[in-house]
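Note that the protein sequences, when read in sequence, are chains A and B.
The first sequence runs 0 to 353 under numbering that gives the first Met the number 0.
The second sequence runs 0 to 270 under numbering that gives the first Met the number 0.
In what follows, a single structure is set out as structure tokens and then discussed.
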Amino acid sequence: MSHIELVLWAGLAIGLVFGACGQVTGFCLQRGLVQHWSDTGGHKLQAFALALAVALLGTQALAYLGMVDLGQSLYLMPRYSWLLLPLGGMMFGYGMGLANGCGARALVLLGSGNLRSLVVLLCLGISAYMTLTGVLGPVRMALAESTTLSPALLTVPAGWPRTLVVLIAATALLAFALRRSTVHEVADAGHAAAQTGRFTDLAGGLIIGLLVVAGWFVTGWLGNDDFEPLPVISLTFVAPVGDVIQYAMLATGMSLRFGIAVVAGVVLGSLLLTMLRREYRLQGFDAPHQMLRYILGGSLMGAGGALALGCSIGQGLTGLSTLSFSSMISALAILAGARMAWSHWHRKTLQGSA
Amino acid sequence: MSSNTDHALLLSSKRRQILGLAGAGLLGLLAPHTVLSAPVWRQLEAARNSVGNATVLEEGLHLTLHLVAEDGSSVPLGIKSNALDNTSIKRLEIFAPANPTAEVAVFEFGPDIKTINLATRIRLSESQTVVAVAHTEDGRAIVAERPVRVTVSGCVAPAQSDPSAEMQARVRVPKSWSADTPSEVLTMISHPMVTGLAEDASGNRPPARIIETFQATLNGQPLLRARYFRSLAANPYLKFDLTPSQEGELQFQWVEDTGRTVKHSEPLRLA
């Protein structure tokens, strides 16, 4: 088996675990943020913090051991746009608020029969590639060129500073993650998904964090080859969603990538678990204006994610696990955008289901 | 009544027009792609010169190239000969017609290269049709083309390279070879292949500097000779099939346009 095939199969396996875990634990940053801001109780944000802590520790360990060269990754590229990263992040965060969940969550929900997620994913994938290589591509490139930054420092310097930052950040995240929510979890009116307990939430966070590390390991170490190098990447769900749509249409002139295998795995993994638990249920939109909201949400996530070089998982977990400063910008902007959406649509977000 | 009949007649002729157009369109879709578009190689002087007066075949050479390449600086290209009568190819030229330098690479093959199954990486400045011209032993020219869409130009992206890590050769060969069976040889040399068109971080344009030639020999006999141009991607990579006729020593040599040379050898043991 060539290293390329190995990476693809491993990506599928990672996706399957992600999908199954997402389906069982309901891991979701958006849900966590809403729980936190609306003070409705629940531990989804703690789960995300745990995922980030695990991803950070594991990824930095791989880098420290010299097994993965993070410098090859997208998050540590020497040039980026000081305008497009935060702008894209805010667009993504706002879209995530509108669509009640990010691309990864939509993939998991799709596996359980949620057709609203299908609409979100199609809009996400198409608008992402519209921004990357499509009609919006030239605009993006022109803006990027005129707002490029080539900073001297891309991340915390290696050695003691980095070790210190990793340990402090991981400790703070773990401390938050293990905090019990004092507010008893309120059942959202009209909310279809079952409430998950604290243990389930945290288990989900742990597994997702480990999957981020697994992604780096697969592409950075298993897939390492001087002659036919593969991009060093981990979990991200903006471009890969677009890749899946493109591959379905252009397979005769395009080859499979790690991201495509992961996305396929997530949907399959979620589908398998849903069938096993007999929870498969076709769901659609209740009203046209809800559909429009989700279309806008998906489109903002796709275009924003393309500009910000990632999504809630892509930058929020994978990017931050490299300790890149540009990822911190994107991640903060995503949170800001999500917050804006929450304050505009506060009541609707609480009542609406994904 | 008559207006109704006129109306009906008008509709029916319009319907026929539409049907006719649709039928022509469908036929156009069904017709082979090469019939629809004029061959690109005829518009490129270098390709025409290469072909010269030879009989042109449009079958027998297959190019593997993604339809869309987001990053034009390193586009994988595969070239395979699938001629049924095993016409032996002696010379192969690759062109990227829209690049500042249209020539990408020229290969000459010795007798032990019995099957053409090359892989390399090229630079593309913009969307274009990549052309390959293969010359057979019996004087014919096989032409193959494949279009590719390029989003970001590959010729102006600044190269990030470490001068101390340059000119390092890497070769992968099978541990044991079977006589008369083709096996893969992978070769690569770390080199930025400076185009002379890219601006570095300080706004300077470093002058062009590339690996100009690559040569592989077996016991001194030439297997493959290549001329590289700046349209080849950085860290020139070449994979080819070798059907060895004897045991011995494989020698590889890369020469930069400044004269710097790197050599590498590997033993070849027949099983």
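Every residue, glycine too, gets a C-beta built ideally from N, C-alpha and C.
Nothing here was measured: the structure is a model prediction, and the numbers come from that model.
The Cβ-Cβ distance between G268 of chain A and P239 of chain A does not fall below 9 angstroms. In terms of beta-carbon proximity, R204 of chain B stays away from the interface with chain A, with every pair separated by 9 angstroms or more. Around the CB of A48 of chain A, 16 or more other CB atoms lie within 10 Å, so the residue is classed as buried. Secondary structure note for Y246 of chain A: its alpha helix (DSSP H) is the uninterrupted segment 238-249. Using a 10 angstroms sphere on the CB of G219 of chain B, the tally of other CB atoms stays under 16, which defines it as exposed. Each of A:G336, A:Q245, A:P77 was checked against the Cα of P150 of chain A, and the nearest Cα belongs to A:P77. Residue nearest to V261 of chain B within the set B:R268, B:L267, B:Q252 is B:Q252 (criterion: CA-CA distance). With a cutoff of 9 angstroms on beta-carbon distance, V149 of chain B and L91 of chain B are scored as not near each other. Scanning the segment 64-117 of chain A from its first residue to its last, the whole alpha helix (DSSP H) runs of 4-plus residues come out as 83-97, 102-110. Judged by DSSP in its simplified three-state form, G195 of chain B adopts coil rather than helix or strand.
The beta carbon of L64 of chain B sits closer than 9 angstroms to some beta carbon of chain A. With respect to chain B, the C-beta atom of D68 of chain A has no partner C-beta closer than 9 angstroms. Here Q22 of chain A carries a helix assignment [DSSP, helix/strand/coil]. Less than 9 angstroms divides the Cβ of L222 of chain B from the Cβ of F108 of chain B. Scanning its chain for C-beta atoms nearer than 7 angstroms, with the 5 sequence neighbours on each side dropped, one finds around D242 of chain A the residues R256, G258, I259, in chain order. Distance check between E102 of chain B and each of B:F228, B:R204, B:T135, B:I88 places B:F228 closest, using alpha-carbon atoms only.
When DSSP states are grouped into helix, strand and coil, T260 of chain B belongs to the strand group.
Residue pairing by DSSP places D240 of chain B opposite B:E183 in a beta bridge.
Think of a sphere of 9 angstroms around the beta carbon of M253 of chain A: the chain B residues whose beta carbon falls inside it are H65, L66, V67, in chain order. Of the residues assessed, P243 of chain B falls on the buried side of the cut-off, its CB having 16 or more other CB atoms within 10 angstroms.
Identification of chain A residues near M166 of chain B by a Cβ-Cβ cut-off of 7 angstroms yields none; the smallest Cβ-Cβ distance measures about 15 angstroms. Put simply, the segment 274-294 of chain A touches the segment 117-127 of chain A. At least three CB pairs are less than 8 angstroms apart. Contact between L64 of chain B and L76 of chain B holds: their C-beta atoms lie close to 6 angstroms from each other, under 8 angstroms. Restricted to the segment 88-114 of chain B, the beta strand (DSSP E) segments that are unbroken, complete and at least 3 residues in length are 88-94, 102-108, listed in chain order. The Cβ neighbour count for E144 of chain A, taken over all protein chains shown within 10 Å, is under 16; the residue is labelled exposed. Pairing K113 of chain B with D240 of chain B gives a Cβ-Cβ distance under 9 angstroms.
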